[in-house]
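Contents: one structure, followed by commentary.
In my numbering, the protein residues as written are 1 to 393.
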């Protein structure tokens with residue numbers, strides 16, 4: 001009888017399952033920041049941490065050259081996968097665009113949602129910068145049941161989710177990323193906060209709303225060719241979808257000749273206002289584009305020292321076209337190359353609204369409004385120190 005019982009115990013031990021479950025997936029880079037798999041490329045050598053449901057570290061994996069990671073030897077149960085966004089390498093600090101089922105994603109009212117299916121997850125679970133020293137401080141997380149496969153994440157160096165002056169997902173971080181990474185970098189603005197109305201806005205009617213970034217230090221100059229600063233706002237649930245929080249267009253055409261068309265294009269009001277500091281607000285040391293924003297604060301709002309495109313930009317005023325609190329000196333200063341201007345509004349500049357400031361520099365401008373620039377005794381709306389510029393409309 002004792003021998004039979006012993007045999008049963010041995011058989012039971014042999015049949016007991018070994019704890020060998022695994023959780024795996026892939027970490028990707030998403031340059032367009034659209035959260036669409038067709039754009040993903042692998043992000044090798046990224047650290048992924050696994051936490052128990054109680055917050056204890058349960059495992060760590062460094063992704064392979066194809067971005068794949070795997071943590072095995074796990075007991076069945078609930079785990080949190082956390083991608084360490086600081087581990088992408090020295091070239092920059094990316095922000096999340098996509099998460100798996102179970103990913104926790106911020107909403108622009110301060111709450112969070114959990115993805116039922118994989119999809120967009122702009123910025124991770126809050127406005128904070130990522131810190132994977134603990135589960136509570138980790139920003140890019142998903143709650144899954146072991147075993148699990150295809151627990152995939154995507155990140156972009158080009159997405160701007162924050163209106164703070166610095167940190168992960170900020171405009172400043174985007175500029176630092178673009179300077180460090182060779183080739184074109186196009187900003188996609190996907191704010192994780194709601195647009196706000198200015199405090200002095202009248203109560204009647206729908207108030208204008210937009211996002212404001214106030215810089216406490218000058219932005220680094222744009223040094224890598226192909227960088228685009230773009231203030232067009234996009235939806236956190238579908239980063240391809242545009243948000244028109246500040247509806248309407250800049251000034252109606254004031255005068256029309258007889259039989260002249262009255263449906264001429266007009267500039268849309270921007271959703272992003274940039275209040276800069278330092279001598280130059282945005283300085284392009286290499287070919288660049290600046291579009292869809294209002295900018296004021298610095299003596300020279302934008303300076304270009306290479307070929308540049310500037311379109312749908314308001315200089316010297318708020319995003320609702322009300323006057324900025326102080327005058328600038330030069331709205332747009334072109335020092336080298338050709339600046340292509342489309343739908344530009346410049347006001348309140350004491351020296352010149354637009355200055356083509358060196359021999360060989362040029363402007364190709366269409367739908368350009370320059371008003372109240374210069375002083376009663378000096379300055380100009382447009383100052384040309386070289387030949388070859390063209391203005392239409």
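Ideal Cβ positions, reconstructed from N, Cα and C, are used throughout, including at glycine.
- The DSSP-derived three-state label of residue 174 is helix.
- Of the residues 207, 366 and 331, the one whose Cα lies closest to the Cα of residue 356 is 331.
- Under DSSP, residue 371 takes part in a beta bridge, and its partners are 347.
- Rounded to whole angstroms, residue 297 and residue 169 show a C-alpha spacing of 22 angstroms.
- In the structure shown, the three-state DSSP call for residue 116 is coil.
- The Cβ atoms of residue 351 and residue 329 lie closer than 9 angstroms to each other.
- Contact check for residue 21 and residue 100: beta-carbon distance about 17 angstroms, past the 8 angstroms limit, so the pair fails to qualify.
- Under the DSSP definition of a beta bridge, residue 234 partners with 242.
- In the structure shown, the three-state DSSP call for residue 180 is helix.
- Under the three-state reduction of DSSP, residue 38 is assigned to helix.
- In the DSSP assignment, residue 49 falls within the unbroken beta strand (DSSP E) covering 47-52.
- From the listed residues 160, 209, 324 and 268, the smallest Cα separation to residue 31 is found for 160.
- Beta-bridge partners assigned by DSSP to residue 288: 227 and 308.
- Residue range 141-146 is occupied by the beta strand (DSSP E) that includes residue 144.
- Within the model, the alpha-carbon separation for residue 39 versus residue 289 is close to 22 angstroms.
- CA-to-CA, the gap between residue 196 and residue 61 works out to about 41 angstroms.
- Three or more beta-carbon pairs separated by less than 8 angstroms link the segment 95-115 to the segment 131-141, which places the two stretches in contact.
- In this structure the segment 82-95 lies against the segment 40-49, because at least three pairs of beta carbons, one per stretch, are closer than 8 angstroms.
- Setting aside the 5 residues that flank it on each side, residue 214 is surrounded in the same chain by 275, each with a C-beta closer than 6 angstroms to its C-beta; the list follows chain order.
- Taking C-beta atoms under 8 angstroms as the contact rule, residue 69 and residue 25 qualify, at a distance of about 6 angstroms.
- The shortest CA-to-CA distance from residue 97 to any of 33, 194 and 66 is the one to 33.
- The three-state secondary structure of residue 86, taken from DSSP, is helix.
- Annotated as proximal: residue 154 and residue 29, with beta-carbon spacing under 9 angstroms.
- Residue pairing by DSSP places residue 186 opposite 228 in a beta bridge.
- For residue 128, the CB contacts under 7 angstroms within the same chain, skipping 5 residues up- and downstream, are 139 in chain order.
- By alpha-carbon distance to residue 327, the top candidate from 354, 118 and 349 is 349.
- When rounded, the separation of the alpha-carbon atoms in residue 107 and residue 277 is 30 angstroms.
- Contact between residue 309 and residue 347 is ruled out by a C-beta separation of about 21 angstroms, above the 8 angstroms threshold.
- For residue 105, the enclosing beta strand (DSSP E) has its first and last residue at 104-106.
- Under the three-state reduction of DSSP, residue 62 is assigned to strand.
- When 323, 306 and 58 are compared, the shortest CA-CA separation from residue 134 is found for 58.
- Between residue 71 and residue 23, the C-beta gap is smaller than 9 angstroms, which places the two residues in contact.
- For residue 72, the secondary structure class from DSSP, reduced to helix, strand or coil, is strand.
- Under DSSP, the beta-bridge partners assigned to residue 24 are 70.
- Per the C-alpha coordinates, the member of 182, 272 and 364 positioned closest to residue 286 is 182.
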